[in-house]
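As structure tokens, the structure follows; a few thoughts come after it.
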Amino acid sequence: MLGLVRDQSLARLFGAGRDTDAFLVAWTVPEFAATLLIEDGLAFALVPAFSLALSRRAQGAPGDPVRSLVAGTLPRLALAFTAVGALLALAAPQCVAALAPGLPDPALAVDCTRITATCVLSFGLAGYCSAALRAHRRFLAPAAIYLPYNIGIITAMYALGGAWGVRSAAFGVAAGGCLMVVVQLPSLLRRLRRRRTGRADARAAAAAQPLDVPLLATVLLFALGRQSQVLIERFLASGLPAGAISHLNYAQKVAQIPMTLSTMLCTVTFPAVARALADGDTERARDRVERDLALAGCLVLLGTAAIVACAPQLIELLFQRGAFTARDTAATAGVMRVYALGLLGQTLTGVLVRSYFSAGRASWYPVAAMAAGIVATIWIGAWTVGSRGTTGIAAANAAGITLTAALLLAGMRRRSVPIRTGPVLRELCRPLGAAVVAALAGGPAAGLPSDPLAGLAAGGTTVAVVFVLLGRALGAQGFAPALRSVRTLSRRLAHAVLR
């Protein structure tokens, strides 16, 4: 939720114009870093590696495989993060020119890019800590990292915005990245101190566990390809009137909330799937992936229906104040409705790709599937941007990621965890039908009250009631696991807080 407060603060202080467009080009750096180093890329390589090390530790392997893995990977990765961040800061003018050639104020974007380049190192270290803790089944600290991160950005904008303008947000990104590392260190150090080993044994085990370069290359290329959809959006939108990039950004941030909530489950279960495969239990891994697909699909489709039905009310309530006008609200809501059509594809891609990499082996098929989605996004976006503007760009994004999800699902049986594709598709069709009907019913209900809060309440309630009733009538299996997962996560969170 603090991410929403951050975006609200950015909209309130700086609106949706040339300054925010310039900052959002620089914002590409933390967006890419978060995807590559925290949420997807690096985690796909490190969580299975740590899961395997923990399995070897439990089996009584000599030395400490976990500490040896850290000794063999962390120094090299930290050096690589530092080098990439420095190179990015030096090449900021060229990066801005390539990302947004039609930007009205490239100098401001260059300044912000150089400031945010520091987050390559801080996000890399934060992602490393997060992967290690998640493999140890410690989720509280990794889940909390965006709390200090967003607090840092919000504080910087309000404290420095008057003197620095939108550069204050870039400074907040740099400060928040450091805080993400700090918040995880105590928990990680406790895990690593649990079992000590001799220096010679640690060095020997580290030498036996070098960094898996092919695996790291495939996961980073996949994550880079997935995040490149944002680059495509901003490249195409840079030639549109001022504010187009900002409208796309605000629409994307709000629309992705259901996807983020639904894939949080996979963040928790990814180590469990990796551990099951490390133990050779393919059936347990398959059941877990199928359950995740049903649950995540159910949750994201409910959110999609609510967003499509209540988009104008939601954007007006969240952003329409200060420099963010009614015209900005209408433009952002229109984009968000189209963007939401790809949320199921986004969610399925997030769930499925974790299965491909959970065995800790390099796989080029997800990279190829993502490449096909990128080609579709570029082609459709270039074809529609002239006539449809930002809505055409959003439609291209939705079509591209949906194609990637379909290809990943089609390849699961032969190249990943052997799920039962037919039953999975039939199960997903049930909440999909319920979501379509719920959105059609919720839209008129949301438009009846003139007050945006009342409209959101009316539309959201209608969507929820129709979706749940129709979903149960159709026999959707995601509802019961959703309730059980909420209870389980609540108990774990309470235990972690009170411990």
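Sequential numbering from 1359 applies to the sequence shown in the working numbering.
Heads up, the beta-carbon is just placed ideally off N, CA and C, and yes, glycines get one too.
Here the structure is a predicted model, which means the values were calculated and not measured.
Residue i to residue j span [Cα, whole Å]
i: Gly-1703; j: Leu-1828; result: 22 Å
i: Val-1631; j: Val-1666; result: 33 Å
i: Ala-1727; j: Gly-1520; result: 46 Å
i: Arg-1561; j: Arg-1415; result: Bear in mind that the predicted position of Arg-1561 carries a pLDDT of just 47, short of 50, making it unreliable; the figure below should be weighed with that in mind. If you take the alpha carbons of Arg-1561 and Arg-1415, they lie about 16 Å apart.
i: Pro-1544; j: Leu-1435; result: 20 Å
i: Ala-1392; j: Trp-1385; result: 11 Å
i: Ala-1456; j: Ala-1734; result: 20 Å
i: Gln-1542; j: Ala-1493; result: 14 Å
i: Thr-1348; j: Gly-1523; result: Within the shown structure, residues of the chain are numbered from 1359 to 1857, placing residue 1348 beyond reach of any answer.
i: Arg-1557; j: Gly-1769; result: Model confidence at Arg-1557 stands at a pLDDT of 47, short of 50, so the residue's coordinates are unreliable; what they give is reported in the following sentence. Whole-angstrom Cα-Cα distance: 44 Å.
i: Val-1468; j: Arg-1376; result: 14 Å
i: Ala-1714; j: Tyr-1723; result: At residue 1714 the sequence reads Tyr, which differs from the Ala that was named. Each residue's alpha carbon lies about 9 Å from the other.
i: Arg-1551; j: Ala-1438; result: 26 Å
i: Thr-1748; j: Leu-1410; result: 45 Å
i: Gly-1361; j: Val-1405; result: 25 Å
i: Ser-1774; j: Asp-1645; result: 13 Å
i: Ala-1565; j: Pro-1433; result: For Ala-1565, the predicted model reports a pLDDT of 44, less than 50, meaning its position is unreliable; a value from the coordinates is still stated below. The straight-line gap from Cα to Cα measures roughly 13 Å.
i: Leu-1767; j: Leu-1573; result: 20 Å
i: Ile-1759; j: Gly-1813; result: 31 Å
i: Ala-1643; j: Ala-1429; result: 29 Å
Closest Cα partner of residue i within the set the options
i: Ile-1396; options: Leu-1360, Gly-1443, Val-1478; result: Val-1478
i: Ala-1792; options: Gly-1655, Arg-1525, Phe-1529; result: Gly-1655
i: Gly-1731; options: Thr-1742, Arg-1746, Thr-1707; result: Thr-1707
i: Leu-1423; options: Ala-1602, Ser-1716, Arg-1549; result: Strictly speaking, residue 1423 in this sequence is Pro, with Leu absent from that position. Measuring from the Cα of Pro-1423, the nearest candidate turns out to be Arg-1549.
i: Gly-1482; options: Ala-1501, Phe-1390, Ala-1499, Ala-1664; result: Phe-1390
i: Tyr-1608; options: Gly-1535, Met-1622, Val-1588, Ser-1620; result: Val-1588
i: Val-1647; options: Arg-1771, Gly-1758, Gly-1744; result: Arg-1771
i: Thr-1820; options: Ala-1752, Asp-1686, Cys-1668, Arg-1679; result: Cys-1668
i: Leu-1761; options: Phe-1682, Leu-1699, Val-1743, Thr-1742; result: Leu-1699
i: Leu-1427; options: Ala-1681, Ser-1413, Thr-1440; result: Ser-1413
i: Gly-1373; options: Asp-1686, Gly-1769, Ala-1652, Pro-1388; result: Asp-1686
i: Leu-1582; options: Val-1795, Ala-1380, Gly-1399, Val-1775; result: Gly-1399
i: Glu-1591; options: Val-1540, Gln-1417, Arg-1496, Gly-1750; result: Gly-1750
i: Tyr-1507; options: Ala-1663, Trp-1722, Phe-1439, Asp-1365; result: Asp-1365
i: Leu-1790; options: Gly-1361, Arg-1830, Ala-1815, Ala-1407; result: Arg-1830
i: Arg-1784; options: Ala-1815, Leu-1651, Leu-1806; result: Leu-1651
i: Gly-1530; options: Phe-1682, Ala-1489, Leu-1368, Val-1693; result: Leu-1368
i: Val-1794; options: Ala-1575, Leu-1606, Gly-1661; result: Gly-1661
i: His-1605; options: Ile-1759, Pro-1810, Leu-1537, Met-1694; result: Met-1694
i: Val-1826; options: Ala-1664, Leu-1766, Ala-1729, Ala-1688; result: Ala-1664
i: Ile-1503; options: Leu-1537, Arg-1472, Ala-1532; result: Leu-1537
i: Ala-1501; options: Pro-1599, Ile-1736, Val-1709, Leu-1619; result: Leu-1619
i: Ala-1613; options: Pro-1599, Ala-1796, Ala-1595, Leu-1701; result: Leu-1701
i: Ala-1332; options: Cys-1470, Asp-1463, Thr-1431; result: This structure does not reach residue 1332, given that the chain is present from 1359 up to 1857, and the question cannot be answered.
Assumed close pair residue i, residue j - CB separation to whole angstroms, cut-off 8 Å
i: Leu-1546; j: Leu-1491; result: 6 Å
i: Gly-1817; j: Gly-1833; result: About 26 Å; that fails the 8 Å criterion.
i: Leu-1371; j: Met-1515; result: 6 Å
i: Phe-1402; j: Val-1658; result: Rounded, the Cβ-Cβ distance is 20 Å, inconsistent with contact.
i: Gly-1485; j: Gly-1510; result: In fact, because the Cβ distance is near 17 Å, the residues do not count as touching under 8 Å.
i: Thr-1621; j: Thr-1705; result: 6 Å
i: Ala-1465; j: Ala-1447; result: Contact flag wrong, Cβ pair sits at about 15 Å.
i: Ala-1527; j: Phe-1381; result: 6 Å
i: Phe-1580; j: Val-1711; result: 6 Å
i: Val-1387; j: Val-1454; result: Contact flag wrong, Cβ pair sits at about 11 Å.
i: Ala-1763; j: Tyr-1697; result: In fact, because the Cβ distance is near 15 Å, the residues do not count as touching under 8 Å.
i: Ile-1673; j: Ala-1684; result: Actually they are not in contact, since the Cβ atoms of Ile-1673 and Ala-1684 sit about 10 Å apart, beyond 8 Å.
i: Leu-1498; j: Asp-1379; result: The Cβ separation is near 37 Å, so there is no contact.
Counted within 10 angstroms of its Cβ, other Cβ atoms place residue i as buried (16 or more) or exposed
i: Glu-1641; result: exposed
i: Gln-1671; result: buried
i: Ser-1808; result: exposed
i: Arg-1584; result: buried
i: Pro-1459; result: exposed
i: Leu-1597; result: First, the residue type needs correcting, since residue 1597 is Gly and not Leu in the sequence shown. Flag for Gly-1597 reads exposed.
i: Cys-1787; result: exposed
i: Gln-1678; result: buried
i: Val-1540; result: exposed
i: Gly-1680; result: exposed
i: Leu-1445; result: exposed
i: Val-1823; result: exposed
i: Val-1571; result: exposed
i: Gln-1867; result: As shown, the chain starts at 1359 and ends at 1857. That puts residue 1867 outside it, with no answer to give.
i: Ser-1488; result: buried
i: Pro-1616; result: buried
i: Gln-1452; result: exposed
i: Ser-1480; result: buried
The ligand FMN heavy atom lying under 7 Å from the CB of residue i
i: Asn-1607; result: Of the ligands one can find in the structure shown there are none, so the ligand FMN has no counterpart to examine.
Chain C within 8 Å of residue i, Cβ atoms only
i: Ile-1396; result: Looking for chain C here will not work: only one protein chain is present.
Inset, instruction - Mind listing, in chain order, the continuous alpha helix (DSSP H) runs of no fewer than 4 residues lying wholly within the segment 1721-1791? - result: Here the runs fully enclosed are 1723-1746, 1748-1773.
Inset, instruction - Run through the segment 1621-1708 for me and flag every whole beta strand (DSSP E) of 3 or more residues, listed as ranges in chain order. - result: none
Legend entry - Complete runs of the beta strand (DSSP E) confined to the segment 1422-1490 [at least 3 residues]: Runs of the beta strand (DSSP E) inside the segment 1422-1490: none found.
Legend entry - Length-filtered (4 minimum) alpha helix (DSSP H) runs lying within the segment 1490-1527: 1498-1501, 1504-1522
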